[in-house]
Amino acid sequence: MSRKTPALSIRMYRHGLGDCFLLKFAGANGKPFHVMIDCGVVLGTPNAAGAMKQVVEDIAEETGGAIDLLAATHEHWDHLSGFVQAKETFEKLRVARVWLAWTEDPANPLARRLAGERKRAVEALRATSERLRGLRPETAAGLDGVLEFFGAAGGATTSDALEVVRAAAKSTRYCRPKDAPVVFSELPGVRFYVLGPPEDLKLIGKSSPSKGQVYEDKAFALDLETAFYAAALGDQTLQQASYPFDKCNYLSPGEAQKNDFFERHYFGDDREEKDPDCRDQSWRRIDTDWLDVASQLALQLDSDTNNTSLVLAVELVESGRVLLFAADAQVGNWLSWSDLAWRVDGAPVTGPDLLKRTVVYKVGHHGSHNATLREKGLERMTNPDLMVLLPVDHAMAVKKRWAGMPFPPLMERLTEKAGGRVLRIDDKVPLANRKPPAGVTPAVWKDFQSSVVETPLYYELRLD
Amino acid sequence: MQTPPVFRRLRAYAFDPSLDMQLDTAVLNQATFKVPWERLERGPVGEYVEVVDYDPASGRFYAPLDLNQDYLLAQDGLAPSEGNPQFHQQMVYAVSMLTIRNFEKALGRAALWSPRHRGDISSYVARLRLYPHAMREANAFYSPERKALLFGYFPASVSNPGNNLPGGVVFTCLSHDIVAHETTHALLDGIHQRFTEASNGDVLAFHEAFADIVAMLQHFTFPEALRNQIARTRGDLARQNLLGELAQQFGQAIGQYGALRSAIGQRNPETGEWEPAQPDPAAYHATTEPHARGAILVAAVFDAFLAVYKRRIADLLRIATSGSGVLGRGEIHPDLVNRLANEAADTAQHVLTMCIRALDYCPPVDLDFGDYLRALVTADSDLWPDDDRGYRIAMIEAFRRRGIYPRDVRTLSVDSLRWAAPHMDLSQFSEFAGKLKLRWDLSVDRRQIFANMRFNQRELHALLTSGEVTKQAQSDMGIALDDDAPEGIRRNQHGKPAVEVHSVRPARRIRPNGDVAVDLVVEITQKRYEPLDRSERSPGAMQPAFRGGCTLLVDLETTQVRYVISKNIRSQARLERQRQFLAAPEGQSLYALYFGAADCEGREPFAMLHRGF
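Here the protein sequences line up with chains V and W, keeping their order.
As numbered in this note's numbering, residues 1 to 464 make up the first sequence, in order.
As numbered in this note's numbering, residues 1001 to 1613 make up the second sequence, in order.
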């Protein structure tokens, strides 16, 4: 087997806040080998379908319609929408293989359980957000933001998109980090490692850099959901069962409004009232605080889903260099890589080892604060040739009220580590016109500039 | 004429309902609290708190309890019951009042809630609102905006409920520890309003730790529980016992194996065995989550308590064992139990007083644990000039063993840890001090106290903005009042750097000769906006507030400034530290990403903190 590393180019599409990548290797006998990773844009993008069609058409043209490997990383709209929005064009592609994370495997009992919980939570939170719209608009908007990752209410959903992906090839591989790295016969000299998602419930549940001690227990979270949804959904039977007291002396809200005590201490707005503390009660009421727990359940759902990200490390065998596609992996997913080890040609390869050799890093979760681990992540990427691909559209993120995307301190460190060689899809200044950042020699910078092809539709990074 | 009684006796859970489910703890769990007597209306609504029992998730208003009913007066209130919401009202009332009472005893002055702010107007809030059934979630929090405590209820874990009924309802308002903890948050906010701003990793952790310390040390004021646990541990309080642990039922109900938090040890999740905690000097730097970080401080304080307690009982153990100090097998004598319990109660009371009084010696902003150690040492020296029991040494050692060191001190001796007496000339103060209204003891109406404080604040503010404060004094106080002040400092309507006087309050202390003296505690702060990213000063850039200022302790008789505890508004090093902290992923939350930072930090800082996102 030849160990020579073929020439390679990576296209990062600039269609909006979402991921779509096309990798093109020179395969055996000069026949190109195409890898497509994700194809989506966030809900609310203007003319999303048009943009996705343009992307998929470009992929069809560039590949001649042949995709050797398609990886869909996780069930979020900004990674999958294109498969339904540009379904017709996509279905014309000949996809040889589909890779999904083991968490999407219908035959895996743990995956089924996760999927079931996810589905139930999405449905219940949709109903909750409906109910909250009038009462607590800001919480409802936040909930919608999270829910939109699963597709539009009443429209096509992420599960629909996954079905399209599954149907594209004869068989689907459900990838696990335990699996031995794969080398395709059409593409000798390139090894595909699966880093995540971890097959450990604890790690899949871990999303924030420092999680409180409280909400670790899954079974408990579900109990809580039931109690909460019972009231939020106005389900009478469940509601009956969820009252905290069997028999007690209580007043309905209507009765309480006529009650002297609650008038003074809850509803009151009597400016003539003798006790100044009872005059205006409006600022002390708690009518909707209990609904805030929905935001917590939604965040849990979002993190859990991001943590099921299929993470791929592509090793160019001859040079030992690695391309890391982190999807939207969060803390638990990243942490699990530390313990990964494979035996390749009799020699051990570990997760940290792959990070050390990374020369192209696709930033996790559009550059948010919790999707690039520091000590056990970025700081381990010590290769001086590191380059960074960041699919983020900050203006769109702000519109969605996610101002921390990308997270400025992370941007700063990425720029530092990569010597300024960061490609961000929302950059307005053409790369050719950009000056080398401080500390980068003009020669290195020129080299970088000449390795990138820039069009309004994509950046193409060429590696030799 | 009949004088009113000193106390109102009310029955309550000493810990929480879960201990009623076990034969060996059921006895000690039924406590009768002696709550200061006050005129009560239905609710109960008193001078300091008001219980309003609305359960919005169920759409029910539970009828308010009238503690003045004959039958209830005759039998110390309602009997503890999980199924009776009126008892829940009694429980939150009793525990919060007990906590407030302990606070006032330690400070020697009436407790005030933080004022309600609307724009530039801030107004007096007489009563903290208590909502025993505010939410359906495993959470309870203090809302600074509404001056209210919101307690949640939730179903216990099905898979691992501990002593609870699987899926049965757990009420956070029935836990002494949770109610005391949340009340303490509110009391602390009443003294230091800026301690809810996370400008470094210790600030929120301190809020949590302090609330835990008060709740935990309050256990030692329950005689039955104390004697029972002393007997069970044979006087060795470093062994697993209920006194050094917090929120038993809550911890079990969410699927932990034991209490939510413990100062003495915890169950190893793998073996299921209880293991004593070992102080780890590296933990302070490695831990960032506020509760976990706060736990280090709680453990340090508890450790100091244990060290003094052990010293104090050494002679008793020798007497009881004919000099060997080694106890024989079996139970210890009930008389010994009583004597040990007295020593434990006294020691706990001293440590609690020390911790609460130290609040007057903290900087007004950007507190860290090292500052708090210095505050503890200084406060205790002021109250007990002679440290014959070794409290200060014990405290310093316990902090040292956990790697908590103050910045900028040369040694860890008591003398170098005491805040320094400045060479400040504040002769301006002599005239000023004469004008102040300083009646603040427990007999004065709290609304009047608030008005007096307002008056004092205005007087001092006028002094500060008179343009007569010398450069040297400004620099000592860590503030900048002249035109050369950093440009990020907020300006007032005259275009001068704005300055806030947060508090002017009296604090009593004992002079070395035994006389009682009154100090004036003054807090002065300034706000400065600086971009998070130092290169960027665009309108859209994140510009967190950077605060500075000082706490002054002034001897009212001599008008000498005894201590200046400052955080300089000009300090570039401190600004960089704050930037680094805010930029670290630990300073971020997922909630802030999706729901907006303002919503998360401004509105209910404790709600999210307690939810763990």
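Glycine is no exception: its CB is placed at the ideal position from the N, C-alpha and C atoms.
Contact with chain W by residue i, beta-carbon distance below 8 Å
| i | result |
| --- | --- |
| His265(V) | yes |
| Leu23(V) | no |
| Tyr250(V) | yes |
| Ala256(V) | yes |
| Val499(V) | Shown here, chain V extends from 1 to 464; a query on residue 499(V) therefore has no answer. |
| Val293(V) | yes |
| Phe184(V) | no |
| Pro253(V) | yes |
| Tyr243(V) | yes |
Residue i versus residue j: straight-line alpha-carbon distance, rounded
| i | j | result |
| --- | --- | --- |
| Ala327(V) | Ser1413(W) | 53 Å |
| Ala71(V) | Glu62(V) | 18 Å |
| Arg1579(W) | Met396(V) | 26 Å |
| Trp342(V) | Lys356(V) | 16 Å |
| Arg1234(W) | Leu1306(W) | 14 Å |
| Ser295(V) | Gly142(V) | 7 Å |
| Asp1386(W) | Lys417(V) | 57 Å |
| Glu1523(W) | Arg1374(W) | 17 Å |
| His1291(W) | Arg284(V) | 27 Å |
| Glu216(V) | Leu297(V) | Annotation note: pLDDT 32 at Glu216(V) (below 50); position unreliable, no value reported. |
| Gln257(V) | Asp1055(W) | 14 Å |
| Glu1500(W) | Pro1363(W) | 14 Å |
| Ile1296(W) | Lys1437(W) | 40 Å |
| Gly155(V) | Leu335(V) | 35 Å |
| Ile1459(W) | His1219(W) | A quick correction: the sequence has Glu, not Ile, at residue 1459(W). Each residue's Cα considered, the two are about 42 Å apart. |
| Gly364(V) | Gln330(V) | 8 Å |
| Gly1251(W) | Leu1237(W) | 21 Å |
| Gly1168(W) | Trp1274(W) | 26 Å |
| Val311(V) | Ile59(V) | 22 Å |
| Val1049(W) | Arg1392(W) | 34 Å |
| Cys1550(W) | Val359(V) | 50 Å |
| Arg1511(W) | Val1518(W) | 10 Å |
Residue i, enclosing beta strand (DSSP E) - first and last residue
| i | result |
| --- | --- |
| Phe1302(W) | From DSSP, Phe1302(W) is part of no beta strand (DSSP E) but of the alpha helix (DSSP H) over 1290-1320. |
| Ala1148(W) | 1148-1155 |
| Leu195(V) | 187-196 |
| Ser1123(W) | 1121-1123 |
| Ile1178(W) | Where Ile1178(W) is concerned, there is no enclosing beta strand (DSSP E), although the alpha helix (DSSP H) it sits in stretches over 1176-1191. |
Cβ of residue i within 8 Å of any chain V Cβ
| i | result |
| --- | --- |
| Phe1151(W) | no |
| Glu1137(W) | yes |
| Arg1509(W) | no |
| Val1169(W) | yes |
| Pro1056(W) | yes |
| Gly1059(W) | yes |
Residue environment, residue i, which counts as buried when at least 16 other CB atoms sit within 10 Å
| i | result |
| --- | --- |
| Gly332(V) | buried |
| Ser1175(W) | buried |
| Thr1353(W) | buried |
| Ser947(W) | Here chain W has residues from 1001 to 1613 only, and residue 947(W) is not among them. |
| Arg1227(W) | buried |
| Arg1011(W) | buried |
| Pro1281(W) | exposed |
| Arg264(V) | buried |
| Tyr1071(W) | exposed |
| Ala1473(W) | buried |
| Phe1007(W) | exposed |
Residue interval of the alpha helix (DSSP H) (run including residue i)
| i | result |
| --- | --- |
| Ala1026(W) | 1023-1029 |
| Ser1096(W) | 1085-1107 |
| Ser336(V) | 331-337 |
| Met411(V) | 408-417 |
Expected contact under 8 Å - CB spacing of residue i and residue j to nearest Å
| i | j | result |
| --- | --- | --- |
| Glu1182(W) | Phe1154(W) | Wrong, their Cβ atoms sit about 16 Å apart, outside the cutoff. |
| Met393(V) | Gly16(V) | Residue identity check: residue 393(V) is Asp in the sequence provided, not Met. The Cβ separation is near 5 Å, so the contact holds. |
Heavy atom of the ligand FMN within 7 Å of residue i beta-carbon
| i | result |
| --- | --- |
| Asn1342(W) | Absence of the ligand FMN from the depicted structure is noted, as is the absence of any ligand whatsoever, leaving it without description. |
Any chain C beta carbon closer than 8 Å to residue i
| i | result |
| --- | --- |
| Tyr1131(W) | As a matter of chain content, chain C is missing from the structure shown, whose protein chains are V and W. |
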